[in-house]
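**Student:**
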Amino acid sequence: MALRSVDVLIQEHRAVERVLETLEGLIDDFLTNPEVPDAAKQELGEVSDYLARDLVLHIQKEDQGLFPALGKFLPTNEGPIAVMLHEHREIDQTHQELAQGIAELEQHPSVGGKAAAQIRDHGRCLIQELRAHLYKEERVLFPFAETCLGEEDDRVILRKFDSLAVGSRQ
Numbered sequence: 788m789a790l791r792s793v794d795v796l797i798q799e800h801r802a803v804e805r806v807l808e809t810l811e812g813l814i815d816d817f818l819t820n821p822e823v824p825d826a827a828k829q830e831l832g833e834v835s836d837y838l839a840r841d842l843v844l845h846i847q848k849e850d851q852g853l854f855p856a857l858g859k860f861l862p863t864n865e866g867p868i869a870v871m872l873h874e875h876r877e878i879d880q881t882h883q884e885l886a887q888g889i890a891e892l893e894q895h896p897s898v899g900g901k902a903a904a905q906i907r908d909h910g911r912c913l914i915q916e917l918r919a920h921l922y923k924e925e926r927v928l929f930p931f932a933e934t935c936l937g938e939e940d941d942r943v944i945l946r947k948f949d950s951l952a953v954g955s956r957q
């Protein structure tokens, strides 16, 4: 059965992938440009804002909506759910380090500087972590959810998604 909650998460994955492509392009430009143009700084800020707002909300939807429902069928302290929760913490940490580099770039715009190196290093790491993570969710966890969860589970998960979204706007 196709779950609307899983469809929502997959649509959000596509949006994350588009942001990762933008980030990847900006990082590639660092290798050829001696200075970071103002437009690139602005785009980096937009990427960081998206990750801080939308990616964080997406992770909350999984951690507080989908994973507890799957916890009826899988342990949450080991196995796929535990791996996803651990990866969410790693992704958040890498994003924080990337965001710090983006904030410092305004003060130290030279590409050869510490801020640009931090953006390159943590940006590449975040891209790799997220792509691998999304792949695992879509190939393992989401198909499992669609096999095990029913319509009522889906409604409960979607209500949780809605309450998290409302809470994130306040």
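The opening position of the sequence shown corresponds to residue 788 in my numbering, with each subsequent residue numbered one higher.
C-beta atoms are modelled at their ideal positions from N, C-alpha and C, and glycine is treated no differently.
Within the stretch 798 to 837, note down every full alpha helix (DSSP H) run reaching 4 residues or more, in order along the chain.
**Tutor:** 825 to 837
**Student:** With distances taken Cα to Cα, identify the nearest neighbour of L842 among R926, I914, E891.
**Tutor:** I914
**Student:** Find the nearest neighbour of Q847 within the set I814, H920, L872, judged by alpha-carbon distance.
**Tutor:** L872
**Student:** Can you tell me which of the three DSSP states E865 falls into?
**Tutor:** coil
**Student:** Determine the burial state of F860: buried for a count of at least 16 other Cβ atoms within 10 Å of its Cβ, exposed for fewer.
**Tutor:** exposed
**Student:** Can you find at least 3 beta carbon pairs, one from the stretch 805 to 822 and one from the stretch 901 to 915, that sit closer than 8 Å?
**Tutor:** yes
**Student:** What separation, rounded to the nearest whole angstrom, lies between the Cα atoms of C935 and G866?
**Tutor:** 16 Å
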